[in-house]
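S.K.: Residue numbers (our numbering), protein chains in the order written: chain A, 1 to 251; chain B, 252 to 502.
From the three backbone atoms N, C-alpha and C, an ideal C-beta is built for every residue, glycine too.
There are 2 protein chains.
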Amino acid sequence: VTVYLVGAGPGDPDLITRRGAAILARADYVVIDRLVDRRLLADVPCDSIIVEVGKVPGQPELSWAQDDISEMLIALGRTGVTVVRLKGGDPFVFGRGGEELRALRNAGVAVEVVPGLSSAFAVPALSGIPVTSRGLSSQVTVVSGHDPSAVEWRHLGPGDRTIVFLMGSAHSAVLAQCLIDEGWPPHTDVAITESGSWASERRTHTSIAGLLTEAVRSPAVIVVGAVAALVDRAYVSAGVDGLGTVSALVD
Amino acid sequence: VTVYLVGAGPGDPDLITRRGAAILARADYVVIDRLVDRRLLADVPCDSIIVEVGKVPGQPELSWAQDDISEMLIALGRTGVTVVRLKGGDPFVFGRGGEELRALRNAGVAVEVVPGLSSAFAVPALSGIPVTSRGLSSQVTVVSGHDPSAVEWRHLGPGDRTIVFLMGSAHSAVLAQCLIDEGWPPHTDVAITESGSWASERRTHTSIAGLLTEAVRSPAVIVVGAVAALVDRAYVSAGVDGLGTVSALVD
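1) Beta-carbon of L377/B versus every beta-carbon of chain A: anything under 8 Å?
2) Per DSSP, D551/B is paired with what?
3) Using the DSSP secondary-structure output, state which residues sit across from S388/B in a beta bridge.
4) Is L313/B buried or exposed, if buried means 16 or more other CB atoms sit within 10 Å of its CB?
5) Grouping DSSP H, G and I as helix and E and B as strand, with all else coil, what is D33/A?
6) In chain order, what residues of the same chain lie with their CB nearer than 6 Å to the CB of Q139/A, ignoring the 5 residues before and after it?
7) Quick check: the segment 271 to 282 of chain B against the segment 329 to 337 of chain B, are there 3 or more CB pairs under 8 Å?
8) Please confirm whether L117/A and P219/A have their CB atoms less than 8 Å apart.
9) Under 7 Å Cβ-Cβ, which residues of chain A neighbour R218/B?
10) Count the other CB atoms, across all protein chains shown, that sit within 10 Å of the CB of V497/B; report buried if there are 16 or more and exposed otherwise.
11) Quick one: which residues of the segment 59 to 90 of chain A get their C-beta closer than 7 Å to a C-beta of chain B? List them in chain order.
12) According to the neighbour-count rule (16 or more other Cβ atoms, all chains shown, within 10 Å of its Cβ), is T268/B buried or exposed?
13) Going by DSSP, name the residue or residues bridged to S314/B.
14) Give the residues from the segment 412 to 445 of chain B that approach chain A closer than 7 Å (Cβ to any Cβ), ordered along the chain.
15) Starting from E452/B, find everything on chain A with Cβ-Cβ shorter than 8 Å and list it in chain order.
16) Which full runs of the beta strand (DSSP E) of 3+ residues lie inside the segment 75 to 145 of chain A, going along the chain?
17) Name, in chain order, the residues that DSSP records as bridge partners for L417/B.
18) Which first and last residues belong to the alpha helix (DSSP H) in which L212/A is found?
19) Whole angstroms are fine: how far does the CA of R453/B sit from the CA of A460/B?
20) From D33/A to V56/A, what does the alpha carbon distance come to, in whole angstroms?
21) P409/B to Y4/A, Cα distance in whole Å?
22) Decide if S127/A is buried, meaning its Cβ has at least 16 other Cβ atoms within 10 Å, or exposed.
23) With distances taken between CB atoms, is the gap from A276/B to D265/B smaller than 8 Å?
24) Taking the straight line between their C-alpha atoms, what separation do you get for A107/A and G77/A?
25) Please confirm whether F343/B and F121/A have their CB atoms less than 8 Å apart.
26) Taking the alpha helix (DSSP H) that L175/A belongs to, which residues open and close that run?
27) Specify the secondary structure class of A506/B as computed by DSSP and reduced to three states.
28) Below 8 Å, can you find three or more Cβ-Cβ pairs linking the segment 101 to 115 of chain A to the segment 399 to 408 of chain B?
29) If we count the other Cβ atoms within 10 Å of its Cβ and call it buried at 16 or more, is T464/B buried or exposed?
30) Give the secondary structure of L40/A by DSSP, where H, G and I count as helix, E and B as strand, and everything else as coil.
31) Just the Cα atoms here: how many angstroms apart are R518/B and M167/A?
32) Is there a Cβ from chain A that is less than 8 Å from the Cβ of T464/B?
33) Kindly indicate which residue of D189/A, D12/A, I180/A and L211/A has the alpha-carbon position closest to the one of S137/A.
34) Less than 8 Å separating the beta-carbons of G476/B and V365/B?
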């Protein structure tokens with residue numbers, strides 16, 4: 001294997017898997033998106049090369065095309081060096097890891113997948129929210145809120161269920177309105193965790209009606225449904241950088 | 252903190268988080284379900300006490316009530332020893348970790364949650380299946396197949412989406428029929444991974460129609476939707492016990 005697709009988890013470097021950490025510790029090249037927590041790179045060999053892809057810093061109109069990222073991974077992989085493609089959360093949950101895996105395999109490059117904790121489940125858990133719970137939620141759906149017009153809303157009607165939006169901060173009011181249009185009661189519980197497992201973590205407990213006007217900062221995980229009421233305002237997860245504090249709790 | 256609710260991930264001991272592993276290495280008591288892979292206990296101190304709960308071996312009619320497990324965790328936590336409640340996958344995705352967290356907190360016992368890789372996402376990933384993928388699936392729903400009559404099927408209609416059933420092996424034919432009743436085409440792709448990330452891992456690529464007659468062994472993750480066609484019959488995940496083989500591949 002020369003290319004490893006590794007999930008970093010939500011941010012806290014202790015929430016990467018043992019296998020992911022072991023592979024990072026012998027990487028020649030590490031290819032990262034800008035969102036990846038830099039603390040994760042602490043154990044990377046000091047002579048390895050970090051390649052940042054995605055949006056170009058300071059020039060928001062410029063960003064890497066997915067095909068170009070895949071091509072670079074193929075080119076690196078063919079040299080025989082150890083390449084780690086490190087992605088926040090899980091590469092296979094709205095992470096385009098599937099596209100990179102297929103491109104690499106089609107090019108004949110040996111790849112290994114090392115899953116990571118998806119923020120969709122791990123960030124709520126660190127706030128005390130189980131995405132499923134007997135009597136409250138019997139199914140959980142994870143959706144990207146990046147483009148509300150692309151969401152198949154007909155599947156997202158009300159019930160004993162949980163809906164988790166990733167990448168929904170820019171359009172949170174639209175997401176709330178679409179949920180109301182699908183029949184969700186406006187008083188339904190909503191929990192928002194911004195910067196989950198980072199030092200700047202911030203938890204908000206509100207409702208779908210409240211989400212219509214709440215300003216949400218990226219990165220955010222938005223949980224909709226009865227389990228969102230379980231958000232624990234006092235509970236401080238280990239993920240919060242060992243600081244023992246959560247910066248702000250709003251109820 | 253005295254009680255840690257730790258997710259073990261799908262089975263391979265290298266797929267636990269660094270934090271989970273570090274806590275296990277200093278546990279006084281480890282409380283486990285029978286499904287947890289015993290390889291995970293390799294780093295537990297040799298003088299720590301392993302308490303097995305859940306079904307009673309050899310007496311399938313006997314099993315622990317959830318309240319009794321919670322009471323035992325509270326009793327252990329009050330002694331001040333370090334207690335690890337280790338659960339396969341993620342404790343908060345059909346794992347009843349939420350119930351144990353609430354019981355412990357209501358009893359005044361300090362708890363920390365350490366999420367684990369949910370089999371719902373990690374087992375497909377190890378088989379080369381991204382649960383979401385541009386153009387194929389824009390949302391993913393995770394459901395327990397343990398009791399098909401308790402599932403809110405109306406949310407599970409056909410679309411550009413993925414449905415993942417956990418604990419569905421005993422009722423796989425009923426699950427398939429319910430999907431057809433909801434309007435899914437019978438030729439829709441289905442991927443079944445039995446014993447994901449264990450040495451006995453077995454992957455099957457079939458259809459909803461095929462699932463009507465397929466015998467599925469527990470534990471199994473059943474993926475429904477276009478992404479299931481991406482199951483990689485050749486790809487051997489590191490999770491497969493370092494053996495470099497998958498025991499059987501059926502297409």
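M.R.: On the basis of the data shown:
1) yes
2) The structure shown has nothing for residue 551/B, since chain B only spans 252 to 502.
3) S384/B
4) exposed
5) strand
6) R161
7) yes
8) no
9) With chain B represented from 252 up to 502, any question about residue 218/B goes unanswered, as that position is not in the structure.
10) Interpretation of V497/B is limited by its pLDDT of 37, a score under 50 that renders its predicted location unreliable; no figure is taken from the coordinates.
11) D90
12) buried
13) K306/B
14) R412
15) The premise fails here: E452/B is roughly 14 Å from chain A at the closest Cβ pair, so nothing lies under 8 Å.
16) 83 to 87, 111 to 114 and 139 to 144
17) S395/B and V472/B
18) Careful: L212/A lies outside any alpha helix (DSSP H) and carries neither H nor E.
19) 20 Å
20) 10 Å
21) 33 Å
22) buried
23) no
24) 10 Å
25) yes
26) S172 to D181
27) Any answer about residue 506/B is impossible in this case: the structure gives chain B only from 252 up to 502.
28) no
29) exposed
30) helix
31) Because chain B in this structure spans residues 252 to 502, residue 518/B falls outside the shown range and cannot be described.
32) no
33) D189/A
34) no
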